[in-house]
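Working notes, beginning with the structure itself.
2 protein chains.
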Amino acid sequence: MFKPLDPLLHSELRLAVMSLLISVQEADFSFLKEKTGATAGNLSVQLNKLAEGGYITIEKSFKGNYPQTTCRITKSGIKAFEDYVNALKSYIGKK
Amino acid sequence: MFKPLDPLLHSELRLAVMSLLISVQEADFSFLKEKTGATAGNLSVQLNKLAEGGYITIEKSFKGNYPQTTCRITKSGIKAFEDYVNALKSYIGKK
DNA sequence: CTTATTTGGTTTATAATGTAAACTAGTTTA
DNA sequence: TAAACTAGTTTACATTATAAACCAAATAAG
Chain A
19 MFKPLDPLLH SELRLAVMSL LISVQEADFS FLKEKTGATA GNLSVQLNKL AEGGYITIEK
79 SFKGNYPQTT CRITKSGIKA FEDYVNALKS YIGKK
Chain B
19 MFKPLDPLLH SELRLAVMSL LISVQEADFS FLKEKTGATA GNLSVQLNKL AEGGYITIEK
79 SFKGNYPQTT CRITKSGIKA FEDYVNALKS YIGKK
């Protein structure tokens, strides 16, 4: 009847991040912060959860003098996102 | 960019309940429990939250000797569900 | 210079949420 | 009449989400 919803994706902020990363393939912390409107603290926590789950990679480097955190979605992240969307359709109907 | 997701609906079990009530218009506790696979305790809590939010009504009666809890979706519940689905599309793309 | 402000975050404390287990109240079956 | 079942509710705990506080360094202002 209802497919289970991956709890790692069933979160507004994490879902927004994944949605962005699917379309851009690479994004830094500030970009994600601006696009999602999240606070830095919350974003930091949620990015780490996605990374722990293997859905994204987090790479730290420097851009000029400032530190920079770059996120990319992984193969398994793309798969998980697609599965999540399909599961959702069992709840909301696939219009 | 991303529309906010109604937190009252952004819950696996509450979403499943709303999904069922949209299609059947009326359902008793046992029916919802069976279809969602939820535990009775969890279902009880989540139904009350939906009722507090005005998304469903809960009516208590007796069916034979047994107590019976009947749920119906409200106008505002239908609206909220539709809004939620539309908001979701800003995250997952409207395939 | 040196102090304030900004960038780019992380850590931590608290509030909100979700869930199962335990409980209530009564009914049916053996 | 005792065990098991229906139909839930309450409660306690674990998980999650979020903002506030913090940190380190860079830049800007006086």
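Going down the list, the protein sequences come from chains A and B. Its first residue numbered 19, the first sequence is counted upward by one per residue in this note's numbering. Its first residue numbered 19, the second sequence is counted upward by one per residue in this note's numbering. Ideal Cβ placement from N, Cα and C applies to all residues, glycine included.
Unbroken beta strand (DSSP E) runs of no fewer than 3 residues, entirely contained in the stretch 20-52 of chain B, are not found. For Y102 of chain A, the enclosing alpha helix (DSSP H) has its first and last residue at 93-110.
Counting of Cβ neighbours within 10 angstroms places M36 of chain B among the buried residues, the total reaching 16 or more. For I110 of chain A against V103 of chain B, the beta-carbon gap comes to about 5 Å, under 8 Å, which counts as contact. Where G59 of chain B is concerned, the enclosing alpha helix (DSSP H) starts and stops at 58-70. Residues of the stretch 85-109 of chain B with a C-beta atom less than 7 Å from some C-beta of chain A are V103, L106, Y109, listed in chain order. Taking a Cβ-Cβ threshold of 9 Å, the residues of chain A close to T54 of chain B are M19, F20, in chain order.
Between L27 of chain A and F99 of chain A, the C-beta gap is smaller than 8 Å, which places the two residues in contact.
Cα atoms of Y84 of chain B and K78 of chain B: separation of roughly 11 Å, rounded to the nearest angstrom. Among the residues facing chain A, A58 of chain B is not included, as its CB has no counterpart in that chain under 8 Å away. For E44 of chain B, not one C-beta of chain A is nearer than 8 Å to its own C-beta. Put simply, the backbone Cα of K53 of chain B is about 38 Å away from that of R90 of chain A. At a C-beta separation below 7 Å, S62 of chain A has no neighbours in chain B, since its nearest C-beta there lies roughly 18 Å away.
Within chain A, the residues placing a beta-carbon under 7 Å from that of A34 of chain B are F20, Y109, ordered along the chain.
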